[in-house]
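Have a look at the structure below, then the notes.
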Amino acid sequence: MKTLLEFEKPIAELEDKLIEMRKLAIENNVDVTEAVKSLTEKILELKQETFSNLTRWQRVQLSRHPDRPYTLDYIEKICSEFIEIHGDRSVADDKAMVGGFGNIDDEFSVMFIGQQKGRNTKQRQYRNFGMPNPEGYRKALRLMKMAEKFNKPVVCLIDTPGAFPGLEAEERGQGEAIARNIRDMFMLKVPVICIIIGEGASGGALGIAVGDKVLMMENTWYSVISPESCSSILWRSWNYKEQAAEALKLTANDMLSNGLIDGIIPEPLGGAHLDHDGAAKTLKEVIKRELTALNKVNPQVRILDRIEKFSKMGVVQE
Amino acid sequence: MSWFTRKDKGIQTPTEAKREAPDGLWYQCPSCKKAIHTREHRVFAFTCSNCNYHEKIGSQEYFELLFDETKYTELDPMMGSGDPLEFTDTKKYVDRIKSTEYKTGLKDAVRTAVGNMNGLPLTISAMDFSFIGGSMGSVVGEKIARGIDYSLKHKQPFLMISRSGGARMMEAGFSLMQMAKTSAKLALLAEAGIPYISLLTDPTTGGVTASYAMLGDFNISEPGALIGFAGPRVIKETIGKDLPKGFQSAEFVLEHGFLDFIVDRKDLKDKLTSLLQMLQ
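Which chain is which? The protein sequence lines are A and B, in order.
Residue numbers for the first sequence follow the numbering used here, beginning at 297 and rising by one.
Residue numbers for the second sequence follow the numbering used here, beginning at 271 and rising by one.
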């Protein structure tokens, strides 16, 4: 069963109509070319109109669409070969954080790292809903340092509703794990590209999102808190998530215009969930392009640029 | 019939005149309820002489406690918040800032100062919880970053005193990136081999724990301080059980290996001095 968001329904209705029309045409042997053409145009128009006027909350909904490609989906489509690597060498292998070496068109060997969500109930639990524990962040850092050792670039795919707020997570130092990642990622001598592919919630996202290029896919969000939690804290009710999403300015456009990210990666019309191959193709091209550019920069300069970029973020009055 | 007749009706002494002691002379410990003379409380570094409860003090008190003869120079004292997102929840962010400034006399939730501690040059950034829960927005990030820059330039140790509920939601993405900014500067400080001491005080949670507060060469704390990433309420909701006693207390965090030691505030200055002298 396909999941339809409220604003996707009118489009889906027209698409169903189109299928029905074609079916009738074949069954009754009538020419509906003109009707099909005009309906197809109408669908395209409606799609363009809907998706160029999405509210911030609707973007959040798209970022969480259950049919959206997740980290391993992208890796599988981008890489000709991928070897997954497990464990933090200390406590466990966190299933919410995946990583490994992948090959792109025999041109680049890349260390891919990212949070992983599950597609059905069983998988969701297995992946802990994409919420890593401290060992997930430590695994990520271990993989980054390994990439550095073998002089391979790092690509992080971010998709998390947040770092896991559990009892054991606290015992094992969730805060420390994220903090260390943020600091140490600044000093990585290899190119680092970070891409928000779904949800970018707060420290749980930033723990693998310090890079030379930080990019967001078109229908994603990235902020300090989810709209729901923000609503519950500031409005003291869960009912203001739409207002909270507006106030947080958490879309790719917002983040770019505030200078907090470096670019936006367009998605197929209607969202990445409608065309996994199309979304992965664009992502691959962007990764190749950025890696080619970053490879030309001296590692020391890259590190200083990375620090400089984040140091400029913030608005104060003096 | 009474023996005496009242000439004036009712009690006529105004409330203020009735007080036996002038306002602010006594401090009542919120933990053991004992009343302590404020002068004594101050001598004991704002800890309770009866139960050793560490009162939540602000930047001013720490500066006075740690800098010799309370002499220090504040950096960027006039820096204040902008409102880049024109954020409004139940109240406009700008109004919230203004009323908090008025209420607390502070410009934001952190102050940075430089001076000497037992003769050793030191940079201190200390947070004020009274300013929107010590939340970290652009000003907090920038002031800490500049404090670290000062330490880098003058090759003097950096002491961060955290007391914060975490990131400031009203600055959303900007506030998140302060975690990155401060951590970047700390990476440079670490590379330069300059000591960084992080003192986590009650409470230190959220994005502050997940960035500069946990990045000290030495992570230290005061007795009983609450330290964590997720707040206790959130964790309780997640696991659906009551939290064990003492969960996320400084003693708990020490036991799990994320603190170097817990220091009584009365000994703070001397212990920090000994530590820094050993590193010289």
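Beta carbons are placed, not taken as given, at the ideal position from N, Cα and C, and that holds for glycine.
Query                                                                                                                        : Result
Classification of B/H307 by the beta-carbon crowding that lies within 10 angstroms, buried from 16 upward                    : exposed
Pair within 8 Å by beta-carbon distance, A/I489 and A/K509                                                                   : yes
DSSP-derived helix/strand/coil call for B/Q298                                                                               : strand
Top-ranked residue by Cα proximity to A/I492, from A/M481, A/K485, A/V506 and A/F482                                         : A/V506
For A/T366, the three-state DSSP class (helix, strand or coil)                                                               : Going by the sequence as given, residue 366 of chain A is Tyr instead of Thr. Three-state result, A/Y366: coil.
Members of the segment 394-415 of chain B that neighbour chain A once the beta carbon cut-off is set at 7 Å                  : S408, V409, G411, E412 and A415
Separation of A/H572 from B/L336, as counted between CA atoms                                                                : 59 Å
Below-8 Å beta-carbon distance, B/M430 vs any chain A residue                                                                : no
Under 8 Å between C-beta atoms of B/V384 and B/L345                                                                          : yes
Selected residue, minimal CA-CA separation from A/S522, among A/M393, A/L301 and A/R352                                      : A/R352
Touch test, the segment 420-433 of chain A against the segment 468-487 of chain A, Cβ-Cβ under 8 Å, three pairs minimum      : yes
Strand pairing of B/Y342, partner residues [DSSP]                                                                            : B/G385
Rounded separation between A/L380 and A/F397 - CA only                                                                       : In the sequence as displayed, the identity of residue 380 of chain A is Glu instead of Leu. If I take the Cα positions, the gap works out to 7 Å.
For A/P487 and A/K635, the rounded distance between their alpha carbons                                                      : This structure does not reach residue 635 of chain A, given that chain A is present from 297 up to 614, and the question cannot be answered.
Length-filtered (4 minimum) alpha helix (DSSP H) runs lying within the segment 378-449 of chain A                            : 417-422 and 430-445
Any C-beta of chain B under 8 Å from that of A/R545                                                                          : First, the residue type needs correcting, since residue 545 of chain A is Lys and not Arg in the sequence shown. By this cut-off, A/K545 is an interface position.
Boundaries (first-last residue) of the beta strand (DSSP E) holding A/E495                                                   : V488 to A497
Near-chain A residues of the segment 295-314 of chain B - C-beta to any C-beta below 7 Å                                     : none
Cβ contact (3+ pairs, closer than 8 Å) linking the segment 454-469 of chain A and the segment 563-570 of chain A             : no
Residues near B/H311 in its chain [Cβ-Cβ closer than 7 Å; skip 5 each side]                                                  : Y297
Own chain residues within Cβ distance below 7 Å of A/V356, not counting five before or after                                 : W517, P523 and A541
Three or more C-beta pairs below 8 Å linking the segment 355-374 of chain B and the segment 412-419 of chain B               : no
Closer than 8 Å at the beta carbon, the chain B residues around A/Q613                                                       : M349, G350, S351 and G352
Neighbouring residues, chain B, relative to A/N554 (Cβ below 8 Å)                                                            : P354, L355, G443 and F444
Cβ of A/M393 within 8 Å of any chain B Cβ                                                                                    : no
Candidates B/N386, B/A437 and B/Y466: closest to B/S408 by CA position                                                       : B/A437
Separation of B/D530 from B/C321, as counted between CA atoms                                                                : 23 Å
Chain-order list of residues whose beta-carbon lies under 6 Å from that of B/G498 (same chain, five-residue window excluded) : T475 and Q518
Beta-ladder partner(s) of B/I497, from DSSP                                                                                  : B/T474
DSSP beta-bridge partners of B/P391                                                                                          : B/N386
Contact under 8 Å by Cβ, A/L502 with B/M406                                                                                  : no
B/V313 classed as buried or exposed, judged by whether at least 16 other C-beta atoms fall within 10 angstroms               : exposed
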